[in-house]
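Beneath this line is the structure, given in structure tokens, with notes to follow.
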Amino acid sequence: MSISAASAKATSPHALPSYLNPDHPGPWGIYLQQVDRVTPYLGSLSRWVETLKRPKRALIVDVPIELDNGTMAHFEGYRVQHNTSRGPGKGGVRFHQDVTLSEVMALSAWMSVKNAAVNLPFGGAKGGIRVDPKTLSRGELERLTRRYTSEIGIIIGPTKDIPAPDVNTNEQIMAWMMDTYSMNEGATASGVVTGKPIALGGSLGRREATGRGVYTVGQEAAQHIGLDIGQARIAVQGFGNVGGIAAKLFAQAGATLVAVQDHGGTVYEAAGLDVHALLRHVSEHGSVQGFENAEVLSDEAFWGVACDILIPAALEQQITAANAHQIQARMVIEGANGPTTPEADDILHERGILVVPDVIANAGGVTVSYFEWVQDFSSFFWSEDEINARLVRIMREAFAAIWQVADEHQVSLRTATFIVACTRILQARELRGLYP
Ligand code: GLU
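Residues 4 to 439, numbered by the working numbering, are exactly what the sequence shown covers, in order.
So, in structure tokens, the structure goes:
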């Protein structure tokens with residue numbers, strides 16, 4: 004680009020941060036709209052609402068690593084602590100080629116809301132590196148993870164901010180993070196991350212927890228709208244740790260999985276896909292592409308599939324004004340963070356389609372992360388049955404309280420969840436007062 008073109012771009016409205024562009028607000032802009040929607044319901048606490056509209060702390064780090072071919076590569080990493088009024092920051096770390104600061108800010112804010120919605124003693128935080136981890140060898144991935152952990156080591160810690168897995172990060176990456184932080188501290192600090200391998204103080208049930216939570220709130224919501232899970236048809240976008248587990252649990256309860264979309268394509272079978280065979284196929288081939296005994300649909304056709312429950316469990320901004328009119332489902336359960344834009348939310352609401360929002364629907368993962376953190380602190384580990392029973396109880400109680408608020412104010416479940424969560428966060432803020 005020539006210098007004059009670059010300066011013209013800098014002065015054009017397109018140079019504004021994306022969240023200030025009303026046509027393409029991006030995840031942080033969407034979050035700000037969600038806060039605006041809830042403000043009228045916060046009573047006198049609304050005088051603190053500005054604290055929700057900016058992150059407490061945001062760190063941008065350079066992550067240089069040596070590649071296997073001997074050259075050096077630089078990646079940009081982030082850790083954002085949105086709010087710590089109710090406790091240490093808590094939230095995952097994402098490795099993805101599209102990660103931006105604005106996205107991580109929004110994801111950290113949604114963690115604040117999610118953690119407060121299920122009443123965990125945490126604030127909200129999130130991290131990420133803009134990288135396509137599929138292009139890295141195992142050694143490169145380890146060096147990337149360790150350098151990133153060292154760089155954000157100045158703000159994380161078991162009582163400060165506790166990372167966990169998110170998109171494209173897993174137990175092994177948490178093990179490297181825990182080891183790096185511990186090496187720098189000179190003492191093993193298992194409580195610095197959650198979602199670790201069981202052998203390093205991880206919790207039973209953590210890997211399945213997000214999917215189990217999606218299934219649990221799905222059961223509760225289905226009861227409210229008179230939908231029999233045993234007869235329900237399910238369509239899932241994203242067939243990883245969240246979508247895959249949720250689909251398996253719904254299928255175990257008798258539901259029929261009719262369509263799955265992931266980064267490799269869309270497969271459809273009106274009579275029902277074999278969930279276990281599909282899970283095996285994805286673990287062997289990396290995506291649903293090439294799965295036999297299924298019809299292949301276009302990416303757009305996925306949204307119009309005849310089903311009762313649609314579970315977006317991949318990335319943000321998938322259900323938009325462009326496809327919300329096609330959706331046939333009776334309810335949408337958001338396994339992903341931020342999959343529905345505010346315009347799409349309104350369209351679904353007008354069409355009578357119930358949306359169970361991310362900030363409650365996918366809170367199962369962080370709930371069992373909380374159990375892991377508690378177990379690490381006490382070095383006393385619980386049985387899987389105990390963990391699942393506590394998880395289900397927390398999710399059911401939180402959902403019931405949110406349903407009641409939605410009913411009382413005649414608002415969507417998203418606004419109701421924000422009312423419950425923002426009230427808790429701002430009550431803590433008010434009690435703590437403004438320092439100094
Ligand atoms: N990344 C997950 C989420 O978005 C889990 C976070 C955690 O366990 O801290 O909720």
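Positions of the beta carbon are idealized from the N, C-alpha and C atoms, including for glycine.
Could you have a look at residue i and say whether DSSP puts it in helix, strand or coil?
{"i": "V270", "result": "strand"}
{"i": "R89", "result": "coil"}
{"i": "K129", "result": "strand"}
{"i": "G241", "result": "coil"}
{"i": "D231", "result": "coil"}
{"i": "L260", "result": "strand"}
{"i": "V64", "result": "strand"}
{"i": "A167", "result": "coil"}
{"i": "F305", "result": "helix"}
{"i": "L313", "result": "strand"}
{"i": "A366", "result": "coil"}
{"i": "H17", "result": "Reliability of the predicted coordinates at H17 is poor, the pLDDT of 48 falling under 50, and the value obtained from them is presented with this limitation in mind. Note: H17 maps to helix in three-state DSSP."}
{"i": "G80", "result": "strand"}
{"i": "I330", "result": "coil"}
{"i": "L318", "result": "coil"}
{"i": "D71", "result": "coil"}
{"i": "D265", "result": "strand"}
{"i": "I336", "result": "strand"}
{"i": "M4", "result": "Residue placement at M4 is poorly supported in this model, since its pLDDT is 32, which falls under 50; the coordinates still yield a value, given next. DSSP places M4 in coil when its eight states are reduced to three."}
{"i": "T343", "result": "strand"}
{"i": "G160", "result": "strand"}
{"i": "F98", "result": "strand"}
{"i": "V291", "result": "coil"}
{"i": "L300", "result": "strand"}
{"i": "L207", "result": "coil"}
{"i": "R236", "result": "strand"}
For residue i, collect the residues of the same chain with a Cβ closer than 7 Å to its Cβ; drop the 5 residues on either side in sequence, then sort them by chain order.
{"i": "T87", "result": "K59 and G126"}
{"i": "V107", "result": "Y81, V83, K129, G130 and G131"}
{"i": "S185", "result": "T191 and A192"}
{"i": "I204", "result": "The sequence as given places Gly at residue 204; Ile does not occur at that position. Closer than 7 Å at the Cβ level, and outside the excluded window around G204, lie S193 and D379."}
{"i": "D169", "result": "G95, V96 and R97"}
{"i": "V371", "result": "S206, G208, R209, A212, I390 and L394"}
{"i": "P124", "result": "R89 and G90"}
{"i": "Q255", "result": "none"}
{"i": "Y44", "result": "H412 and I422"}
{"i": "S286", "result": "none"}
{"i": "I157", "result": "none"}
Return the Cβ separation of residue i and residue j in integer angstroms, given the expectation that the two are a contact with Cβ distance under 8 Å.
{"i": "T269", "j": "V299", "result": "7 Å"}
{"i": "F98", "j": "P136", "result": "4 Å"}
{"i": "A202", "j": "A235", "result": "Incorrect: roughly 38 Å between the Cβ atoms, too far for contact."}
{"i": "G448", "j": "I322", "result": "The structure shown does not extend to residue 448, since the chain is modelled only from 4 through 439, so no value can be given for it."}
{"i": "Q36", "j": "P30", "result": "No, Q36 and P30 are not in contact; Cβ-Cβ is about 11 Å, not under 8 Å."}
{"i": "V291", "j": "K117", "result": "That pair is no contact at about 28 Å."}
{"i": "I33", "j": "A109", "result": "7 Å"}
{"i": "G241", "j": "A317", "result": "3 Å"}
Judging by CA-CA distance, which residue of the options is the nearest neighbour of residue i?
{"i": "I68", "options": "H99, S153 and M114", "result": "S153"}
{"i": "A297", "options": "I322, I356 and A262", "result": "A262"}
{"i": "P161", "options": "E223, E188, A366 and R150", "result": "E188"}
{"i": "R89", "options": "L429, G338, E295 and E387", "result": "L429"}
{"i": "M398", "options": "V52, G216 and E387", "result": "G216"}
{"i": "N391", "options": "S206, I312, N122 and V102", "result": "S206"}
{"i": "V64", "options": "G95, R133 and G94", "result": "R133"}
{"i": "D182", "options": "K199, G32 and Q329", "result": "K199"}
{"i": "T138", "options": "R150, N171, Y151 and M334", "result": "N171"}
{"i": "E319", "options": "V38, A347 and A401", "result": "A347"}
{"i": "S115", "options": "Y151, R150, I165 and E353", "result": "I165"}
{"i": "G53", "options": "C425, I155 and I158", "result": "Correcting the residue type first, residue 53 is Glu in the shown sequence and not Gly. Of the listed residues, the one whose Cα sits closest to E53 is C425."}
{"i": "H440", "options": "L55, A273, H352 and Q100", "result": "Lying before the first or after the last residue shown, residue 440 is absent from the chain, which here runs from 4 to 439."}
{"i": "F253", "options": "A401, V196 and I312", "result": "I312"}
{"i": "E303", "options": "Y271, P439, E433 and F384", "result": "Y271"}
{"i": "E223", "options": "A431, R396, L434 and V196", "result": "R396"}
{"i": "L434", "options": "V38, Q331, L48 and R40", "result": "L48"}
{"i": "A324", "options": "A274, G243, W306 and D265", "result": "W306"}
Within the same chain, show all residues whose beta-carbon is closer than 8 Å to that of residue i, passing over the 5 residues directly before and after it, in chain order.
{"i": "M75", "result": "P67, I68 and E69"}
{"i": "D231", "result": "A225"}
{"i": "R150", "result": "V66, P67 and I68"}
Once the 5 residues before and after residue i are set aside, which same chain residues still bring their CB inside 6 Å of it?
{"i": "A419", "result": "I405, V408 and A409"}
{"i": "S140", "result": "D71"}
{"i": "G368", "result": "A212 and T213"}
{"i": "A250", "result": "V239, L260 and V278"}
{"i": "I176", "result": "T148"}
{"i": "K163", "result": "P91"}
{"i": "R427", "result": "A119"}
{"i": "V102", "result": "G131 and R133"}
{"i": "A364", "result": "V217, V220, I336 and E337"}
{"i": "F374", "result": "S206 and I390"}
{"i": "G341", "result": "P30 and E319"}
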